[in-house]
Amino acid sequence: MLDLNINEIGQSDYASPMILVEAPGKEPLPCIDYRLVNSNVRTQYFPLPYIEERVERVSAAKCITVIDIAKGYWQIPLSERAHDVAQPL
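88 is the number that UniProt numbering gives to position 88 of the sequence shown; each next residue is one higher, with no gaps.
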């Protein structure tokens with residue numbers, strides 16, 4: 001990941017263990033255990049949209065697009081603070 005400029009070496013007060021999970025016939029998948037970080041994160045609640053309003057807006061649309069990002073979790077930009085907390089060990 002360092003060679004591909006996907007990950008970087010850093011310093012943080014937080015560290016989450018990372019392991020490679022292997023499944024038969026598939027490439028190893030990096031998995032990070034964020035349970036300790038998650039237990040210290042403050043939950044933010046937002047009003048959920050009404051499904052009826054969303055359906056009405058979509059039904060009036062002339063064009064609808066769906067995007068599926070491969071490995072999307074790794075493509076989400078993080079704030080500087082979140083970047084420090086989310087570093088794997």
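Don't be surprised by glycine CBs; every beta carbon is placed ideally from N, CA and C.
Everything numeric in this text was worked out from a predicted model, so none of it was measured.
Worksheet item: Does the stretch 47-57 come within contact of the stretch 25-39, defined as at least 3 CB pairs closer than 8 Å?
Response: At 8 Å Cβ cutoff, the stretches do not touch.
Worksheet item: Grouping DSSP H, G and I as helix and E and B as strand, with all else coil, what is residue 20?
Response: When secondary structure is reduced to three states using DSSP, residue 20 falls in the strand class.
Item to complete: Give the C-beta separation of residue 3 and residue 17 to the nearest angstrom, bearing in mind that I take them to be a contact with Cβ-Cβ under 8 Å.
Response: No, residue 3 and residue 17 are not in contact; Cβ-Cβ is about 22 Å, not under 8 Å.
Fill in: DSSP bridge partner residues for residue 31 (one or two, in chain order)
In DSSP, residue 31 forms a bridge with 19.
Practice prompt. Count the other C-beta atoms from every protein chain shown that fall within 10 angstroms of the C-beta of residue 87, then say buried if there are 16 or more, exposed otherwise.
Written response: Buried.
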